[in-house]
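Worksheet for the structure shown next.
There are 2 protein chains.
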Amino acid sequence: MQRLGRQWQRGGKTVVFVPTMGFLHRGHASLMERARKLAGHKGRVVVSVFVNPTQFGPNEDFSRYPRDLEGDQWLCRAAGVNVFFAPEDAEMYPADFSTFVQEERLAGGMEGVARPGHFRGVTTVVAKLFNAVLPTAAVFGAKDFQQASVIRRMTRDLNFPIRIVVAPTLREADGLAMSSRNKYLSPSQRDQATVLRRAILGAQEAVARRPAMAAQLRRETALLVAAQTEARLDYVEFFDPETLEPVRTVKRGTRMALAVFVGKTRLIDNDTL
Amino acid sequence: MQRLGRQWQRGGKTVVFVPTMGFLHRGHASLMERARKLAGHKGRVVVSVFVNPTQFGPNEDFSRYPRDLEGDQWLCRAAGVNVFFAPEDAEMYPADFSTFVQEERLAGGMEGVARPGHFRGVTTVVAKLFNAVLPTAAVFGAKDFQQASVIRRMTRDLNFPIRIVVAPTLREADGLAMSSRNKYLSPSQRDQATVLRRAILGAQEAVARRPAMAAQLRRETALLVAAQTEARLDYVEFFDPETLEPVRTVKRGTRMALAVFVGKTRLIDNDTL
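Residue numbers (the working numbering), protein chains in the order written: chain A, 1 to 273; chain B, 1 to 273.
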């Protein structure tokens with residue numbers, strides 16, 4: 001991969017990279033489409049599929065995370081991807097691997113609290129993949145808003161010569177954000193999973209009229225989630241979209257993010273209010 | 001710098017990088033000479049001068065570390081360096097800088113114990129400089145043996161497409177390793193500073209005959225240093241040159257490293273036994 005990346009560098013090629021954990025769905029396809037457009041017909045698009053062990057906690061779903069390398073390859077081919085890059089665990093993390101990249105400000109709240117060590121794994125693997133692929137740009141999905149912020153900051157702080165592009169979340173017809181983890185949901189859980197989107201739409205509506213207190217919106221979200229028999233709120237946060245600092249007064253432009261367990265499946269979503 | 005680096009990449013140029021903290025001496029000049037040879041007459045040599053605040057502890061000599069940008073430029077010009085890169089603190093570390101690179105195995109002992117946070121600063125700034133310069137190879141001095149090991153590991157772990165070259169320590173006629181910090185020494189301290197080299201030569205001589213216990217060699221080093229009125233041993237370590245793991249039995253090929261305060265000046269040295 002790196003040999004190819006260097007060859008492209010020498011040719012001055014635009015190379016757009018979409019790192020994923022595979023089990024690709026239409027949300028990923030929209031990232032590839034964006035990448036294809038950014039690369040132009042002379043450029044190259046690389047998609048990596050790597051279920052990164054270092055970003056999963058000990059009690060998380062690493063081993064049962066859905067995998068379908070063959071299906072992924074088909075989808076990539078259909079999307080006009082030039083290189084499908086699926087490295088092995090042992091190649092990415094040799095036994096004496098010992099270097100980690102850590103963002104210490106934006107990665108502190110929300111997913112950082114709920115999943116200790118998660119972002120350290122994310123920034124480490126993304127730094128590795130950036131150096132393996134050597135792209136000129138990389139595309140990330142807005143569904144993982146905090147992740148995109150952390151990666152953008154890492155890219156700036158470590159001077160990676162890479163443009164970070166964040167593409168909008170794709171949703172099912174009923175508003176559920178597309179995610180490989182939706183596959184875990186039973187039919188009744190699948191119905192209840194729309195609560196994440198409904199909570200956001202409720203907050204958007206409230207804030208469209210006038211600013212609201214974060215504490216009040218938090219209570220309303222908690223009630224909405226509690227009304228679902230199989231759902232449990234992990235967190236809901238209202239924050240500045242640049243600094244990710246929580247706000248007390250929620251206005252238009254404030255970002256909202258939440259994580260909800262539906263059965264054993266943890267789902268996340270976010271949007272601008 | 002990065003624009004130039006990318007231009008060179010497109011041209012397929014060999015680019016050899018020598019990162020330094022400036023106040024350059026003949027030791028640095030020998031690294032540049034090595035870089036010049038590696039780059040060949042078609043390649044490029046970049047020297048950076050940056051006294052990196054994040055690798056100094058709160059009670060260390062960051063603010064009084066010797067600086068001489070003009071002298072450094074002269075020396076680089078004489079050494080056939082193509083680019084002299086001296087970034088500003090505020091450019092390297094904007095106010096909201098928050099990403100760090102940390103090596104967690106090799107960086108644990110010796111300098112890592114004596115200077116908490118030191119290697120985190122080193123790996124962070126070297127990762128930044130690598131991405132700013134985009135070299136094909138980088139040259140480090142063997143005087144900072146542990147640093148070279150940590151950087152080599154980081155380079156491998158994060159997949160930087162950069163060859164790490166370690167060049168031998170240059171010494172004064174009496175054996176003192178060249179260092180910008182030698183400038184701090186009074187004449188009497190300068191005499192006593194040869195104790196680091198003498199300790200190594202003593203251990204080399206002992207081990208040339210037969211293996212020795214690390215504890216015994218440590219005692220002998222401590223006695224030798226204690227015989228100097230202005231010197232105080234910080235640490236002495238005998239370790240495997242690959243893993244940096246301390247050994248109990250010291251043989252030929254074992255590496256020895258030590259740090260000694262001479263007055264308020266902290267000096268380090270190391271060699272193969």
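Beta carbons are placed, not taken as given, at the ideal position from N, Cα and C, and that holds for glycine.
- Between the Cα of B:Q73 and the Cα atoms of B:R115, B:M21, B:Y65, B:A39, which residue gives the shortest distance? As a first step, residue 73 of chain B is located in the second sequence; it is residue number 73 there, counting from the start. Out of B:R115, B:M21, B:Y65, B:A39, B:M21 has the C-alpha closest to the C-alpha of B:Q73.
- If you check the beta carbons only, do A:L217 and A:A208 fall under 8 angstroms apart? Walking along the first sequence from the start, residue 217 of chain A turns up at place 217. Walking along the first sequence from the start, residue 208 of chain A turns up at place 208. Not in contact: A:L217 and A:A208 (Cβ atoms no closer than 8 angstroms).
- Message: For A:S48, which residues in the same chain have their Cβ closer than 6 angstroms to its Cβ, ignoring the five residues on either side in sequence?
- Response: Counting from one through the first sequence, the residue named residue 48 of chain A turns up at place 48. Leaving aside the five residues that flank A:S48 on each side, the residues in its chain whose CB is nearer than 6 angstroms to its CB run, in chain order, P19, F85, L129.
- Message: Can you check whether the C-beta of B:R96 is within less than 8 angstroms of a C-beta belonging to chain A?
- Response: Stepping through the second sequence from its first residue, residue 96 of chain B is reached at position 96. One detail in the question is off: residue 96 of chain B reads as Asp in this sequence, not Arg. At least one chain A Cβ lies under 8 angstroms of B:D96.
- Sequence-distant residues of the same chain with beta carbon closer than 6 angstroms to A:A231, five excluded per side: Working through the first sequence from its first residue, we reach residue 231 of chain A at position 231. Contacts found: Q192, V195, V225, V260, V262.
- Query: Given that a residue counts as buried once 16 or more other Cβ atoms are within 10 Å of its Cβ, and exposed if not, what is B:K143?
  - Reply: Counting from 1 along the second sequence, the entry for residue 143 of chain B is found at position 143. When all chains shown are included, B:K143 counts as buried.
- Measure the C-alpha to C-alpha separation of B:L24 and B:K42 and round it to an integer number of angstroms. Translated into the one-based positions of the second sequence, residue 24 of chain B becomes position 24. Translated into the one-based positions of the second sequence, residue 42 of chain B becomes position 42. Using only the alpha carbons, I get a separation of about 25 angstroms.
- At a Cβ threshold of 8 angstroms, is B:D240 touching chain A? Taking the first residue of the second sequence as 1, we reach residue 240 of chain B at position 240. It does not: the Cβ of B:D240 has no partner Cβ on chain A nearer than 8 angstroms.
- Message: Distance cutoff 8 angstroms, beta carbons only. Does B:K128 sit that close to anything in chain A?
- Response: Here residue 128 of chain B refers to the residue found at position 128 of the second sequence. Under the 8 angstroms criterion on CB atoms, B:K128 is classed as interfacial with respect to chain A.
- Message: When you compare the segment 93-102 of chain B with the segment 95-102 of chain A, are there three or more beta-carbon pairs, one atom per stretch, that lie closer than 8 angstroms?
- Response: In this structure the segment 93-102 of chain B lies against the segment 95-102 of chain A, because at least three pairs of beta carbons, one per stretch, are closer than 8 angstroms.
- Message: If I follow the unbroken alpha helix (DSSP H) through A:M92, where does it start and stop?
- Response: Within the first sequence, numbered from 1, the residue matching residue 92 of chain A stands at position 92. A:M92 -> alpha helix (DSSP H) spans 89-92.
- Query: Looking at the structure shown, is B:Q204 part of a helix, part of a strand, or coil, going by DSSP?
  - Reply: Locating residue 204 of chain B in the second sequence gives position 204, counting from the first residue. Judged by DSSP in its simplified three-state form, B:Q204 adopts helix.
- Starting from B:A257, trace the alpha helix (DSSP H) both ways and give me its first and last residue. Within the second sequence, residue 257 of chain B is the residue found at index 257, counting from 1. For B:A257, there is no enclosing alpha helix (DSSP H); the enclosing beta strand (DSSP E) covers residues 255-262.
- Query: Roughly how many whole angstroms lie between the Cα atoms of A:F140 and B:L106?
  - Reply: By 1-based counting over the first sequence, the position of residue 140 of chain A is 140. By 1-based counting over the second sequence, the position of residue 106 of chain B is 106. Computed Cα separation, rounded: 33 angstroms.
- Task: Just list the beta strand (DSSP E) runs in the segment 49-93 of chain A, keeping only unbroken ones of 3 residues or longer that don't cross its boundaries, in chain order.
- Result: Look at the segment 49-93 of chain A and you find these whole runs of beta strand (DSSP E), each 3 residues long or longer: 83-85.
- For A:V122 versus A:M1, is the C-beta spacing smaller than 8 angstroms? Taking the first sequence and counting its residues from 1, one reaches residue 122 of chain A at position 122. Taking the first sequence and counting its residues from 1, one reaches residue 1 of chain A at position 1. No; because the gap between Cβ atoms is not below 8 angstroms, this pair is not in contact.
- Query: Hey, how far is the Cα of B:R171 from the Cα of B:D269?
  - Reply: Counting from 1 along the second sequence, the entry for residue 171 of chain B is found at position 171. Counting from 1 along the second sequence, the entry for residue 269 of chain B is found at position 269. Taking the straight line from one Cα to the other gives about 10 angstroms.
- Identify whether B:L134 lies in helix, strand or coil by the three-state DSSP scheme. Residue numbering aside, residue 134 of chain B sits at position 134 when the second sequence is read from its first letter. Note: B:L134 maps to coil in three-state DSSP.
- Query: Do you know offhand how far B:V51's Cα is from B:V150's?
  - Reply: Translated into positions along the second sequence, residue 51 of chain B becomes position 51. Translated into positions along the second sequence, residue 150 of chain B becomes position 150. Taking the straight line from one Cα to the other gives about 19 angstroms.
- Item | Chain-ordered chain B contacts of A:E104 [CB-CB under 9 angstroms] | As a position in the first sequence, residue 104 of chain A is number 104, starting the count at 1. The contacting residues are S98, T99, F100.
- Message: Measuring only the C-alpha atoms, how far is A:L69 from A:G27?
- Response: As a position in the first sequence, residue 69 of chain A is number 69, starting the count at 1. As a position in the first sequence, residue 27 of chain A is number 27, starting the count at 1. A direct Cα-Cα distance of roughly 17 angstroms separates A:L69 from A:G27.
- Query: Can you give the Cα-Cα distance for A:A78 and A:R36, rounded to whole angstroms?
  - Reply: In the first sequence, residue 78 of chain A corresponds to position 78, counting from 1. In the first sequence, residue 36 of chain A corresponds to position 36, counting from 1. Looking at the two C-alpha atoms, the distance is approximately 12 angstroms.
- Where does B:L273 land, buried or exposed, given buried means 16+ other C-beta within 10 angstroms? Numbered from its first residue, the second sequence carries residue 273 of chain B at position 273. B:L273 is buried by the Cβ-count criterion.
- Message: Since B:A167 and B:R34 should fall inside the 8 angstroms C-beta cutoff, what is the C-beta to C-beta distance between them, to a whole number of angstroms?
- Response: Against the second sequence, residue 167 of chain B aligns to sequence position 167. Against the second sequence, residue 34 of chain B aligns to sequence position 34. Here B:A167 really is in contact with B:R34; their C-beta atoms are around 5 angstroms apart, less than 8 angstroms.
- Along the chain, which unbroken stretches of the alpha helix (DSSP H) at least 4 residues long are found entirely within the segment 119-192 of chain A? Counting whole runs of 4 or more residues, the segment 119-192 of chain A contains the alpha helix (DSSP H) stretches 145-157, 187-192.
- Query: Which of the residues in the segment 136-162 of chain A, read from start to end, lie with their CB under 7 angstroms from any CB of chain B?
  - Reply: Correct list: R153, M154, D157, L158, N159, F160, P161.
- Task: For A:D271, count neighbouring C-beta atoms within 10 Å of its own C-beta (all shown protein chains included) and say buried if the count is 16 or more, exposed if not.
- Result: Taking the first sequence and counting its residues from 1, the one referred to as residue 271 of chain A is at position 271. Buried, since its Cβ has 16 or more Cβ neighbours within 10 Å.
- Can you name the residues of chain B whose CB is closer than 7 angstroms to the CB of A:N131? Here residue 131 of chain A corresponds to residue number 131 of the first sequence, with the count starting at 1. Against chain B, a Cβ distance below 7 angstroms from A:N131 picks out L158, N159, F160, P161.
- Bridge partners - A:M1, DSSP secondary structure assignment: In the first sequence, the residue the question calls residue 1 of chain A occupies position 1. Answer is none; A:M1 lacks a bridge partner.
- To which residues of the same chain is A:T249 closer than 8 angstroms at the C-beta, ignoring the five residues directly before and after it? Here residue 249 of chain A refers to the residue found at position 249 when the first sequence is read from its first residue. Its chain contains P211, A212, M213, A214 as the residues whose beta carbon lies nearer than 8 angstroms to that of A:T249, once the 5 sequence neighbours on both sides are disregarded; these appear in chain order.
- Figure out for me which residue from A:T265, A:R163, A:A148 has the closest Cα to the Cα of A:P187. One-based indexing of the first sequence puts residue 187 of chain A at position 187. When each option's Cα is compared against that of A:P187, the closest is A:T265.
- Query: How about A:N82 and B:N159: are their beta carbons less than 8 angstroms apart?
  - Reply: Indexing the first sequence from 1 puts residue 82 of chain A at position 82. Indexing the second sequence from 1 puts residue 159 of chain B at position 159. Their beta carbons are not under 8 angstroms apart, which means A:N82 does not touch B:N159 by this criterion.
- For B:P246, which of B:Q9, B:Q146, B:Q55 has the nearest alpha-carbon? Counting from one through the second sequence, the residue named residue 246 of chain B turns up at place 246. Considering only alpha carbons, the answer is B:Q146.
- Assign A:S63 to one of two classes, buried (16 or more other C-beta atoms within 10 Å of its C-beta) or exposed (fewer than that). Walking along the first sequence from the start, residue 63 of chain A turns up at place 63. Within 10 angstroms of the beta-carbon of A:S63 lie fewer than 16 other beta-carbons, which makes it exposed.
- Task: For A:Q216, decide whether its Cβ has a neighbour in chain B, counting only Cβ atoms nearer than 8 angstroms.
- Result: Numbered from its first residue, the first sequence carries residue 216 of chain A at position 216. It does not: the Cβ of A:Q216 has no partner Cβ on chain B nearer than 8 angstroms.
- Query: Exposed or buried, which one is B:A199 when buried takes at least 16 other CB atoms within 10 Å?
  - Reply: Numbered from 1 along the second sequence, position 199 holds the residue referred to as residue 199 of chain B. It counts as buried.
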